[in-house]
Each structure stands twice: as C-alpha cells, then as structure tokens.
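Notes follow the structure.
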Ligand SMILES: Nc1ncnc2c1ncn2[C@@H]1O[C@H](COP(=O)(O)OP(=O)(O)OP(=O)(O)O)[C@@H](O)[C@H]1O
Ligand SMILES: Nc1ncnc2c1ncn2[C@@H]1O[C@H](COP(=O)(O)OP(=O)(O)OP(=O)(O)O)[C@@H](O)[C@H]1O
Ligand SMILES: [Mg+2]
Ligand SMILES: [Mg+2]
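Protein chains in written order, with this note's numbering: chain A, 51 to 313; chain B, 101 to 344; chain C, 101 to 344; chain D, 228 to 478; chain E, 228 to 478.
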C-alpha cells in the first residue's frame, strides 16, 4: 500500500514534465555498481518515485549531475529492464541511465548521449576452476558459457571457438546461481559488475583477458538513453563532457566501495 | 363457464420422440382437474408445457384469452399466476424451509419480508412443516420435502396450481390432510390441475378427470364416468389393474 | 427361523434430533417386511442405517451372525449382498439406463460385460424399461426413473432388498406389475424390507408389517393384525385416516 | 545458504520486503474481488436463455460476442504484454497518464474477470436443472434466478477455484514490475541483484508468499464451511402436532 | 508500429518464433495432462471418508497432510523460484544434471497438479450426495465410486477450469527461461532485444499465444459438448408393451 499517493501526485504533471523542473530517470536499481536500491539516502542516494527506498550507484551519480546541469529536480523511476524503453518512448521517463550500451539496434528506437563510461568484457568463473587463470578467450573453448539476454555480452561469446554456448539468462542473479551450481562454467560480463560480483561472492573470480573479445566501443560503453529527437541530447552531452575521465573513475570506485553487498 | 387455460393442438417432441400429440382441452375457473395415466404417458410434460418450462413444439396455450406462446407475452408475470409443485420437489438448496417459501414472494411479488414470512408460516402450518423452518432440503425426509414444496407454491397465492404427484411421498394420514387443504382451496376459487396416481384421491378431489395414454388424451369426464363407466377400452384396461 | 438381519437397540441422532430411538427387530430369510408410518418417522433413516449409508449412533446390526458395525467388517462386500432402491432414485447421471444396471455388476461383482448386460436386460424387461436402454436419467419421467432404480438394484442379485417407497412414482397398473415381481422374488427366497405408503400394497405383499412412529417401532405384526386389529391406539389412529 | 546471512539480510532489508508484500496484497486482493464480480456478471449474462424476440436476440448475441472476445483475448495473451500496452500504450497513443498502482489493479481485475467467467460457467453447469426450473416456476426472471438461487450455490462450489485464482494473482503481480510497480518479487530481485545472492532473498520471499497464500487458503476454507450451513437444524416450538387446516384457518 | 517491419521481422525470425511456440506447446500440453492426473488422484485420496480402524486412520491422516502440504507449498511459492531450486539446486546439492525440458515439464506438472487438486475438490463438492450413496449401495468402494460415478461428472464440470489452467500453463512457461528453456516468450524477448523494438515482436507473440489458447478453448468446448451426451435418446425395439414378468421368466 506504500507510496501510491506520492506516485499519483508526481506523475500527474506528466506531459509538461519539463516545465515542472523534474527530470525523470529510469533504471532497474538492481545492477550494482551501476545502480542499486538502498533503504536510506546514505552515500548520496536518491529517492525512488512512488516508493520508500532510495537508489544509489554510478548511474545515479551521473543522473544527479545531468539533473543539476539541466537545473531540474532528479526523480528516479525504478522499472524492470524490459520496461525501460517503452517507458521512455511513452514519456513516462525522460532519460535512461541504466548501464545501457548504445548499440546500433537500440539506436533505431531511441537516441543516446555520448558515453559516460567505458569498460571491457570480462569472464566470471568459479574460484578454483581450471579457467581461473585463463588469459585468452580461446582458453574457454569447450566451456559452458552464457551471458545476459539482449546484451552484447551474449553476442560476443561466439568469438570463442568451440565454445558450448548456453541459453541466455535474463538476469544476473540467475546466472550467478547457474555458475555457483556448476550448470555453467562462466558468464560474460563487464569489469564493474565483475569486480562487484567477485568481491561480494568469494567463490567467484573475475578473469580479465590479454587477448579479449573484439567489440565495438559502443558495446562496452554506457550512455544515457533519450527519446528520439530529444532536445536534451546536446545539453546532456555538454554536461557529460565536463566530467573528466579521472572523475568518472573516482565515481566508479566509490560506487564499487559503497554498493550494499560490499559492506 | 370461463376458461382459465385453453390448450389447443399442443404438441411436444424430444428429438424424434413425440411425447405430446395434439392435446386439446381447457380448464374452467375454480375447476379441479386430475390427470391420470401410465408412467411416461406425458403427464409431467403437459404440466411443464403449461408452465413453459418446456417449449411446446406446436399448438397454442391460451391463458385468460391470451396466447402465452406469443413472443410478446411476458412469461415471468404469467408464471407468477401459476403455482407449481414438482414431482422431484426441487427445493432451493441454498435456502432453509422458511426461506424457500419466502424468497419468491419477496423477490417476485415484492412483498415485505414480514408479510411474506407470515404467509409462508400460514401454509407451512397447513402442511405441518412449521416446526422445521430452519431445516435445509438435504435434512428433510421425502414427505417433508414434498410438503414444503406444496407450501412454497401456495405461498405465492397463484390463480392456478399445477401439482405433479403432490402426494407421492406422503403417508395416508398426510394425504388425507392435503386432500382437505385442496378441497378448501377449491372453495376459494383456486383452479387446480393435479397429476396423480392415487385413484382414490382423484375420485375425491376432482371435478373432471383426464386420462392420458401415450401422449394423447384418451378420455375426459367427471370422476364417476372415468372410474365407474369409462367409455374407452384403454381406460378400462388401465383402471382394471388398479389394486382393488 | 434363520435371522438374516437382526437389529438391536439401534439409535440414530442428527445433532440433538433423535430420529431413531432404540429400534429392535429382525427379519428372517425370505421374509417380506413392510415398514409403514407417518412422514418423518424415521423409515428411510432406518433403511439407510441398515445399509450403513448413515452411521448409527448406537446399537448393533447383526447380518448373518456378524455385527456389521464392527470396525473389522468389510462394508463393501456386505453392501453387495444388500440391494437398495432409493426414495429419490439416485440414478447415475453419467450413465445411460443400461449402463446404470451394468456398472455395479461389472465393477463390483466382476461379471463380464456380456453377462452383466444380459442380467440387466432381464430386469429392465421386468419393469418395462428395456426400450429405454439408451436414455439418460434426465430424459426419463419419474416413474421411468423409479423402474430403472428397481432394475438396477435387482441386477445385483442381492440376498436382501431394501425398497424405499418403490412405487411412489408409479401408476396403479405399474404398481400391480411391481407387486407381481416382488411376489415372485419372494418365492425365490429373497428377503425384502419395503418402506411404503400404499397400504393395499403392504397388505398384499408382506409377511409382516412394522408400524413406525416418531423414531420407535410402535407395532409389529402380520398384515391382518395391523390392518384389521391393530393393538396400538396410534396405529389405529394412523390407519383410520387412510382414504377408504 | 547461511542462516546468519539470511537473518542479517532480513534485518537490513525488511522494509523493502514488507512494502513489496503490502503492494502485492493490495493489488491482488482488490484485483481478485473486482475480477470475481466481473466473472459473476459475465456468468449471469452468458447464461441468459435465447430470447424469443428478434431485436433482443440480436442484442444478446452481440453482448455475448463481446464478452467471449473479452474472455478469450485477456486469457489468451500474456499479462506482461497487456500491462505494457495498457500502461505505455495509452500514454503513447492518447497521452493518458495512469497511476501505476491503479493500472496494475485494472490489469489484474480484467484478467481475473476473464478467468472467473469460465469458473462461473463451469459452476452454473454443475447446478441441478431443477433449481432453475423451480425458480422460474415462482416467476423469477433470469437475473433473479441467478442471484437468489443459482449463484449462491455456484459460489460455494467455485470457492476452491477462486482461491487458486487469488493465489495466482498474488504471484502474477510480479510481471507488473515492467510498469514500475515495485511489488514483492521485484523487491526480491533487487535484493538478489545487489547482494549477489539468489537463494537467500528468494527463500525469504517464498516464505512471505507462502504466508500470504496460506492465509488466503485458511480464510476461504472458513467461508466454505460457513456457506455449507449448519449440519443440523433445530426444531421450533412444541413436539410435532400436525395442524388441522381448520385450526389454521381460524387463527 | 509499422506493418512492413513486422512482416520483415516475421520473415527473418519465423523459425525462432515457431520453435519457441513448439516448445511452449510441448511443455504445457504434457504438463497439463500429467497435472490433471495428479489433481484427480489427489482429489480421490482427499475425499476418502475417515476409516474406522485406527491404523488406517493414521495412515490416511498422514497421506492427507502430505498432500495438503504439497498443494499449499507448490501453489504458494512462485514457479520461477521452484524452477531455480529444482534445476540449479539439484545440480548444486547432488551434482545432478537434469535435461532442461524434462525439468520444465516436471515443474509445470507438479504446479498444475496442485491447482487441479483444488478444482477437483470443488467439483466433487458440487456432486449430489445421492450419487455417492447410490454407488456405495451397489457395493462400490471409494475408488470405484470416484472412478465410475463421481469423477466422470466432475470432469465435465471442471473442464472450463482445466481450460483456464492450460492457458495459464501456456503463458507461465515463460518463467522457465531462468533455467534456459527457450520457449516462445524467451524467443520473443530475444527478437525484441536484437531489434530493440518491443511492441512489434510482442504483437507477433501475442498472436501466436492467442492462436494456441484459442485452439485449446475450441477443443475443450468440443469435449464439453461430447461429455454432455446426446440430447435425446432413441428407443429400441417395437412400441412399448409392458412385458409380463411371467413372459420374461420363460425366455
Ligand atoms: N428431456 C427429455 N428428453 C427426452 N425425452 C424426455 C425428456 N423428458 C421427458 N422425456 C420423455 O417423455 C415421455 C413423457 O415423460 P413425462 O415425464 O411427461 O411422463 P409422465 O407421464 O409424467 O410419467 P410419470 O408418471 O412416470 O412421471 C417419457 O417417455 C420420457 O422419457
Ligand atoms: N441429514 C439429516 N440431518 C438432519 N436431520 C435429518 C437428516 N436426515 C433426516 N433427518 C430428519 O430425520 C427425520 C426422519 O427422516 P426420514 O427420512 O427417516 O423419514 P421417513 O420416515 O423416511 O419420512 P418420509 O415418509 O417422509 O420419507 C426427519 O425429521 C428428518 O428431518
Ligand atoms: Mg411425471
Ligand atoms: Mg423416507
């Protein structure tokens, strides 16, 4: 029964949201270190709309900067991954900052800002497994590997010759269970998630490659999603350009340190 | 004599099975007509057709001058003028005895609950079921159910009563009581159509007796004629086998 | 005389309502006993207790020397030796007429289908329902259902038959037929317990008559005694009201 | 799976779990009740006998076609897609901005209604024809017959099915997180996502689900027994003395 | 939403959609059938009258407690969690490597069984007590009564509910993608992810779902009418001539 009223009152002005000085940002709030849910406003958490919890993480910090730069009040809308794009298209939110990569296909439906983070692909494996010390992706030939559905993580698996590609999973927790249970040998992820996972779960090890996956930058980069032809693009790009590479790294390091499971 | 119900060329088939064949007869106001005949001859079907629980396959049913088979006719208000006691009783399973007699009065006749209960209690007393007002159908004996069914129909205070073997589950003592009730009701001008297998009962109560055989009315006449001097061979045959 | 069923101090209550109070009587092999009494006096309940469809609240029911209320007793094999015709018929709705009479024989008595159908047809012919083998219960008239119920019970060829008002829905002609069947069955040594409201029928068919009143056996005796010289005031009262 | 960890997690996250469970209950309780009403209404309408008059017949036919389409359409498509279409679609196409919670309740209600309509149909089928006939014989029309005689008997028989549906609703609200309703399942996924554990948070969620569904089961069982009515009846007044008609007439 | 795009997408992806739909049908058909059998069995067992003998009574009580726990547990927890526990849990705890499809069928079956058991209970409740009594009177034991008299009547009355359950299964298989079963919903999401369009692929999926569920509805309606039996009976032999008992005896 929580938050019904709040949600009603804040969304009632939808449509002319810009005039009301509110910036609605969508994310899953469940994908650390990019975004997560916490119970209080510690470490700069932002209240989630229609809900008593707060969102924190790298995406939230970036969203804060964007909102500040636009001179608007930041509102986080917590929505399932699959609901983010329809949400944006239908005007329920103004921006997506959800660790989302600006792939070609996505660009057909929505626009993206410039990248606000770039990482690289890693593999998460079980500690003590024969893959722990792999250096090349080809070391995973014959291994049972998967990745998240509808992400480039899953697509790049094909670059491993002779890999035993498993069906994609639609969420990270499920993949982690699969890995822990030995149903798979590893899953493809990105560095931040890898650091978080391996620090949160002592059974997991993140493998970084010297001969890694070949990927376009857009597939490992993260950018803010915007409605097609949004006039916000240029302004947001300006704001993002003001955040130096070093600052980004600092924010990410803080996020990894602050994420709830790391305590 | 005013005809309350006039049945003309009534036919009813179930598939290829013709159950009623060209039935023609009428009932006058205040008349008590008993319908007798062998099992499966169509007696219940005739009553059910009159009440439109079965749609006749052909013919006309004229009630106080109007053809009730006419599409324009309001079936529901017609049915409130007819009371029916079913061969299988069909008490409402979700109501107790009192409520069985009350619900129709309240919902259809729009009587108040108090009024309806008073009427219901009157007729439940008549059939000796007033002490069972709290019981449900499944808790009653056969004869008790039948008596409640009679009380339910009477509570609606209809113009015509259709009784389908109303004494089949009753002991002789109770049959006597019901007979008494019917005679009294007849005096108040209630028209009654009674299907029965109890010849003594038919003899006692009826102004006229209809003998049905295989879907046709084989003979109609006053009880003296039917029971003492039947004109039809089939009637004689039927009555001969009755236990003397 | 060998006692087939011996009922001792049988009691049955529904809640606080004591329906059978200390019933004591026995039936000998091949005997035909009619139970009469007013509506609600506990006749059906008595039959249902004998068949264990109701669990007696107290007392003993001895069948061929064994107390069937004993927990060790196999109820199902006991019941196959008892045939029952229900007051409400209770035909199996998902079976047609023939199948109603066959299913018990095949599943319980383990007869072959052919054998069972032969037996079923024999008894369906006896009650004049052989032409309706394809019909379902909902398509039959009251009397037709009752006759199928009789045929179903007879098809099991039990040692004892319990009839609960087996002629209530039958026309006089058919009552005569059933009476004839019963007399023939009695000659073959079948024991019968018949609840009935038809005094003429009871007079004709029974070796002994039991008169029940408010849950107790008020009087037992040969039909001549009960109908002509009842010893009890209550019996006289009950029979007096019977239509002459 | 470690117990201390679970306890720690509960201590840290209990408000999230509880609020999620509260939202789940809110949506499923209201949705089931409205859905049941829709189902009963649809049941009443779909069992109307074919009228004699042509105009009425066509009207009834039309209503029935609409009802059947409604039932088949909502039963036949995934609720998650319905939710997206109704919530995002209505905003896209007509600029309607629905409240998430209200949208969720609407979606659950119309889905439940479609399923309940079928339960009611099955329930009406199982009622003895004699009950309808007796009601018609006292002059009740179709609606009166259904309300006063048939549905009260149907409701008791379909209570177990309603219980099932309620439980399904409690669990199915989980798909509504695509429209941003943060019910129990979504909250659990969040906890799982941020704690990098799976079984522990879902273990807690399962217990919460189970407590909710089992409570529902117990409540419905209680109603079942109530609707059954008392096993025995009590007699009124003095020992049986059959009233003479004559006596009655005097009184 | 553009039509050309949809057509193009179907042309490009139809094998994926079809395989997804095939898997969905396979799991839900087998799951519903096995589930219905479980439900009927549970229904038979749960309606056994309390036996006289103590040993039997305790045995029955135990079986009933187990059955009730089974029903309440599987109804009461989300299928997605059950799937994870059964599939990954068995690998974690015992190193069992189950086939995904078989695991999916098992999960759907036991869930359907739990729901169907409640439908059957409601259905048995709605059968006239006289039917049980008549069966007992011819000497049938509980199982014979249920199989030959009660369940055939119950099945007809709960066919609409079974149809609902089948449809729910068709849709609920979607949660099984957590154990890597690639059924229709998962395939649709894949297509949606690749093309980054939502409404179009889901529109196609909805049509496929609808075709499947509506086919099921039509098949079940056909069975309903069949189980109803013929509306009229045909008479055998010559016109009624009541046989004399004497005649019969001779033959
Ligand atoms: N719904 C039905 N479908 C098919 N045949 C039916 C249906 N209802 C009744 N019949 C048939 O119609 C005939 C007449 O039935 P009806 O109930 O009118 O007989 P009845 O004269 O009342 O007999 P009884 O004295 O035994 O009650 C019977 O042969 C019966 O089988
Ligand atoms: N299940 C029940 N619960 C409560 N009371 C019941 C139940 N069954 C029967 N009774 C009561 O027991 C009494 C005896 O019923 P029973 O059916 O044995 O009468 P009966 O002698 O067969 O009467 P009838 O001639 O009317 O069939 C009745 O008063 C009835 O109301
Ligand atoms: Mg009849
Ligand atoms: Mg009786």
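Even for Gly, the Cβ is constructed at its ideal location relative to N, Cα and C.
Only a predicted model underlies this, so the values are computations on that prediction, with no experimental measurement involved.
Could you tell me whether the Cβ of residue i comes closer than 8 Å to any Cβ of chain E?
i	result
residue 58 of chain A	Bear in mind that the predicted position of residue 58 of chain A carries a pLDDT of just 35, short of 50, making it unreliable; the figure below should be weighed with that in mind. Answer no: the Cβ-Cβ gap between residue 58 of chain A and chain E never drops below 8 Å.
residue 361 of chain D	no
residue 337 of chain D	no
Look up residue i in the DSSP assignment and give the residues it is bridged to.
i	result
residue 276 of chain B	Residue 276 of chain B is not bridged to any residue.
residue 248 of chain E	According to DSSP, which records beta bridges pairwise, residue 248 of chain E is partnered with nothing at all.
residue 293 of chain C	C:133 and C:262
residue 291 of chain E	Partner(s): none; residue 291 of chain E has no beta bridge.
residue 312 of chain C	C:137 and C:317
residue 118 of chain B	B:113
Closer than 8 Å, CB to CB, is residue i near chain D or not?
i	result
residue 195 of chain C	no
Taking only heavy atoms of ligand 2 into account, decide whether any of them is closer than 7 Å to the Cβ of residue i.
i	result
residue 195 of chain B	no
Between the beta-carbon of residue i and the beta-carbon of residue j, is there less than 8 Å?
i	j	result
residue 83 of chain A	residue 107 of chain A	yes
residue 266 of chain B	residue 244 of chain B	no
residue 316 of chain D	residue 190 of chain B	no
residue 158 of chain A	residue 202 of chain A	no
residue 247 of chain E	residue 411 of chain E	yes
residue 253 of chain C	residue 159 of chain C	no
residue 273 of chain A	residue 165 of chain A	yes
residue 167 of chain C	residue 175 of chain C	no
residue 388 of chain D	residue 349 of chain E	yes
residue 352 of chain D	residue 262 of chain D	no
residue 214 of chain A	residue 194 of chain A	yes
residue 273 of chain C	residue 301 of chain B	no
residue 67 of chain C	residue 307 of chain C	Residue coverage of chain C in this structure runs from 101 to 344, which leaves residue 67 of chain C outside it and unanswerable.
residue 78 of chain A	residue 148 of chain A	yes
residue 192 of chain D	residue 173 of chain C	With chain D running from 228 to 478 in the structure shown, residue 192 of chain D is simply not present.
residue 523 of chain E	residue 303 of chain D	Outside the modelled stretch of chain E, which goes from 228 to 478, sits residue 523 of chain E, for which no answer is possible.
residue 107 of chain C	residue 311 of chain C	no
residue 294 of chain C	residue 305 of chain C	yes
Can you determine whether any heavy atom of ligand 4 sits closer than 7 Å to the C-beta of residue i, and answer yes or no?
i	result
residue 188 of chain B	no
residue 230 of chain C	no
residue 138 of chain B	no
residue 255 of chain B	no
If you measure from the beta carbon of residue i to each beta carbon in chain B, is any gap under 8 Å?
i	result
residue 477 of chain E	Below a pLDDT of 50, predicted positions are generally treated as unreliable, and residue 477 of chain E, at 34, falls in that range; the measurement from the model is reported next regardless. No, because no Cβ of chain B sits closer than 8 Å to the Cβ of residue 477 of chain E.
residue 377 of chain C	Only positions 101 to 344 of chain C appear in this structure, which leaves residue 377 of chain C out of reach.
residue 462 of chain E	yes
For residue i, verify whether its CB is less than 7 Å away from any heavy atom of ligand 1.
i	result
residue 306 of chain B	no
residue 459 of chain E	yes
So with Cβ pairs under 8 Å, would you call residue i a contact of chain C?
i	result
residue 458 of chain D	yes
residue 252 of chain B	no
residue 364 of chain E	yes
Can we count residue i as close to ligand 3, meaning its CB is less than 7 Å from some heavy atom?
i	result
residue 242 of chain C	yes
residue 144 of chain B	yes
In chain order, each alpha helix (DSSP H) run of at least 4 residues that lies wholly inside the stretch 424-463 of chain D
426-455
At 4 residues or longer, and completely inside the stretch 236-264 of chain B: list those alpha helix (DSSP H) runs for me, N to C.
242-255
Where in the stretch 170-242 of chain A do unbroken runs of the alpha helix (DSSP H), each at least 4 residues long, occur, reported from the N-terminal end onward?
202-205 and 222-231
Runs of 4 residues minimum, wholly inside the stretch 180-237 of chain C: which ones carry the alpha helix (DSSP H) assignment?
197-207 and 213-226
Could I get the ranges of all uninterrupted alpha helix (DSSP H) runs contained in the stretch 147-175 of chain C, with 4 residues as the minimum, in chain order?
none
Report the start-end ranges of each beta strand (DSSP E) in the stretch 336-381 of chain E that is 3 residues or longer and not cut off at the edges.
none
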